[in-house]
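Structure first, commentary second.
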Amino acid sequence: MTTPIIELRSITRTYGSGDAAVQVLHGIDLQIARGEFIAICGQSGSGKSTLMNILGCLDTPTSGQYLFEGHDVAHCSPDELAALRSEVFGFVFQRYNLIGTETALQNVAMPALYRGAGSQVREARAQQLLQRLGLADRANFRPSALSGGQQQRVSIARALMNGGRVILADEPTGALDSATGEEVLRLLHELHAEGHTIILITHDVGIAVQADRVVHIGDGNIIGGAVPAAPAAATAAVEVVATRPVAGQVEPEPIHANPVGDFAASFGMALRSLRNNLFRTSLTLLGIVIGVAAVITMLAMGDGSKAEVLRSIEAMGPDLLVVRPGAPNIRGSSDIKTLTAEDGKALEGLPNVLRVVPENGKGVTARFGRNDYSTNGVGTTAEYPLARNWALLQGQFFSEADVASYAPVAVIGTTVRDAIFTEGEDPVGQSILIASVPFEIIGVMASKGESAFGSDLDDNIFVPITTGRIRLFGQSHVRAIALHLADMNRSEETAAAVSETLEARHRTADFQVRNMASLIETATQTQNTMSLLLGSIAAISLLVGGIGVMNIMLVSVTERIREIGIRMACGARRLQIQLQFLVEAVLVCAFGGLIGVGLGFAAGYAARAFGSPVIFSLPPVLMAFGSAFVVGVVFGFLPARRAARLDPVVALASE
Ligand code: ADP
Ligand code: MG
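Count along the sequence shown starting at 1, add 157, and that's the number in the numbering used here.
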């Protein structure tokens, strides 16, 4: 006699442990020959399903030996059992166990997916099987749109997908009317005739007798027929089967060495299951969307304002030391009269000082024709544009000769020009009144925008300091002395020298020396702190979004335990289940990330439209999107692992 395809030796199965232990199978011995049609018949509660789960490698026995083609598989790992299920077994359940979110075709094709078959092979074969079972026109229907008999035929097609050498049918007609039930039994007979080994489990003796052999089971014991009744005959039958060319039988697909299966298919399944819960998916997305959008907008605004501050500090002159009147901690230094033009003269010739530019001034009204404009009058020297690195747009700045001769000439900023001249009018050479004193405009300064302190640098009129003192401001003190340095790296030591010189002259520290470089540093630091703060707020919202994703994925796993069980029965290995849920989590996050990037840009542009400086750059976008992705992997991992670790039997039994 040839080796039986399945041999059970003293198999026991005990549920629970300790006092609560219930032994359901009490030492089952059973042999099933290749190509046999056997019925396992017993009353409800006799242990049939428990036995079937063990036969189908969905469950492992508590003790005893299970030889499949002579190899003991009782103690195989979950993945080895999954591989065996995938290769050998096809299940037909009483309640069909189709996946509700997938079409008939996708349900039928699923086992081949976990076997590593390509999508074209899968689809062609599933189509062929559906055709054979008379369901070609129902291929794209969801199970809910099919009748019970049709669903059962779909599940038979699925059992055949990977070849289905051994078909395990647990009460396959139990939920069907008698005519449809007959049809299903006829199909099983057909498959048997083609060489499939059929194990039919039923409580109905009338159905059981249709099999070649009936094994009765009662209270977890085999009552009769544990070995094929006529071994010689059975063996003969097997040999006939082996030599008979089988029409339409599906050969098992060779296993590919691809452990994760078809990524595109996981992707598709994830999409379908997410789409199935659209509302919930969108709520889950929301957390990630807000998180990513926040990261992008906040960093763009942070970068924007940082660049703005730096630019405006640059605009004021980056290599300047500025001396202002008033003791170091006194505010409102504008009417403190402790600094004079003579102090400026005393600072000329200090080492590292290229030029000394004193500055005087106050608010004035400029008038041209009928246009009046209140602006800022600045009296200074000819070197002002050089010290401030400030070019002229038109005309020229006043010369040292103009300063020496108290010339009534003025250079205006673009804001002043726009205020008192009409567009296209050439201001140079025109005569204006400044505080009712006539001046000739000899130049227009190039536009510099706002200073670091928010004042408009173009809203100024420059006049020689001498003319200003006598005719406009009536003061001999200055409000600032700017020192243009040769080497900014030595600014500290120059500042010390300036302080020393002035203290020697004034005999007290009634002035302050400020360094633009340190101002830049302070501003940069402040901005970096702001960016960090904004960034952490955004990161926290991403984290919260991630926790939302994990929560939803855990709910999703709990809801789909049965689906997971079905997939495992169809041969899905742990890694494949895990990957599927991980792909779902990552997909939600990546999709949320994409929307978030879009929203972040939209918010950034909106902020820009309202006047905030905004700078978009690639790194924050990549970082935000990447974080969303990582959030998906990290927070999807736990739910995915929980799904993968489910026991197939427990999962299948869940409602
Ligand atoms: P059948 O399929 O023949 O109706 P089952 O194999 O489903 O019988 O169950 C046999 C016995 O084992 C029943 O008494 C049932 O209560 C018990 N049983 C089945 N599954 C479990 C389980 N997971 N935990 C505890 N007892 C179980
Ligand atoms: Mg049962």
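Cβ coordinates follow ideal geometry from the N, Cα and C atoms, glycine included.
These figures come from a predicted structure and were not determined experimentally.
Quick one: is the Cβ of residue i within less than 7 angstroms of any heavy atom of the ligand ADP?
i, result
"Val-249", "no"
"Ser-206", "yes"
"Val-341", "no"
"Gly-275", "no"
"Val-372", "no"
"Val-179", "yes"
"Gly-199", "yes"
"Ser-203", "yes"
"Gly-173", "yes"
In angstroms with no decimal places, state the Cα-to-Cα distance between residue i and residue j.
i, j, result
"Gly-338", "Pro-235", "33 angstroms"
"Lys-605", "Val-743", "48 angstroms"
"Glu-465", "Val-535", "25 angstroms"
"Pro-584", "Leu-496", "34 angstroms"
"Ala-800", "Val-778", "32 angstroms"
"Val-403", "Gly-306", "Only weak support is given to the placement of Val-403: the predicted model assigns it a pLDDT of 38, under 50, and the value that follows is read from those uncertain coordinates. About 26 angstroms."
"Tyr-271", "Phe-424", "14 angstroms"
"Arg-282", "Gly-257", "21 angstroms"
"Val-513", "Leu-640", "5 angstroms"
"Thr-571", "Ala-539", "19 angstroms"
"Met-687", "Gly-625", "42 angstroms"
"Ile-638", "Gln-682", "27 angstroms"
"Gln-222", "Glu-164", "8 angstroms"
"Gly-275", "Met-267", "11 angstroms"
"Thr-159", "Gln-288", "35 angstroms"
"Glu-657", "Ala-643", "19 angstroms"
"Ala-332", "Val-311", "15 angstroms"
"Arg-295", "Gly-753", "40 angstroms"
"Ala-178", "Thr-169", "13 angstroms"
"Val-397", "Ala-240", "The predicted model places Val-397 with a pLDDT of 35, which falls under 50 and marks its position as unreliable; any figure quoted below should be read in that light. In a straight line, the C-alpha of Val-397 is about 28 angstroms away from that of Ala-240."
"Ala-394", "Ala-422", "Its pLDDT being 38, under 50, Ala-394 is placed unreliably by the model, and nothing is read from it."
"Ala-729", "Leu-700", "32 angstroms"
"Leu-809", "Leu-803", "10 angstroms"
"Glu-557", "Gly-586", "19 angstroms"
"Leu-477", "Ala-747", "49 angstroms"
"Asp-176", "Ser-811", "24 angstroms"
"Ala-350", "Arg-370", "15 angstroms"
"Ala-567", "Phe-630", "14 angstroms"
"Asn-509", "Glu-597", "36 angstroms"
"Leu-507", "Thr-651", "8 angstroms"
"Glu-649", "Arg-574", "38 angstroms"
"Val-372", "Ala-336", "25 angstroms"
"Arg-647", "Val-670", "14 angstroms"
If you follow the alpha helix (DSSP H) that residue i is part of, which residue opens it and which one closes it?
i, result
"Arg-731", "731 to 766"
"Arg-516", "Going by the sequence as given, residue 516 is Glu instead of Arg. Segment 510 to 525 is the beta strand (DSSP E) holding Glu-516; no alpha helix (DSSP H) there."
"Phe-786", "775 to 801"
"His-641", "From DSSP, His-641 is part of no alpha helix (DSSP H) but of the beta strand (DSSP E) over 637 to 642."
"Phe-555", "That residue, Phe-555, is in no alpha helix (DSSP H); it is neither H nor E in DSSP."
"Gln-669", "No alpha helix (DSSP H) contains Gln-669, which is instead part of the beta strand (DSSP E) from 668 to 672."
"Thr-651", "648 to 663"
"Phe-420", "420 to 433"
Should residue i be counted as a contact of the ligand MG given a C-beta to heavy atom distance under 7 angstroms?
i, result
"Asp-327", "yes"
By the DSSP assignment, the beta strand (DSSP E) with residue i in it spans what residues?
i, result
"Met-602", "594 to 602"
"Arg-166", "163 to 172"
"Tyr-223", "220 to 225"
"Glu-340", "Unbroken run through Glu-340 is the alpha helix (DSSP H), 335 to 350; no beta strand (DSSP E)."
"Ala-190", "Premise fails: Ala-190 is in no beta strand (DSSP E) and is neither H nor E."
"Gly-552", "549 to 552"
"Arg-370", "370 to 375"
"Gly-534", "528 to 537"
"Ala-567", "566 to 569"
"Ala-326", "323 to 327"
What residue ranges within the stretch 231 to 298 form continuous beta strand (DSSP E) runs of no fewer than 3 residues, ordered along the chain?
With a minimum length of 3 residues, the continuous beta strand (DSSP E) runs that stay inside the stretch 231 to 298 are 246 to 249.
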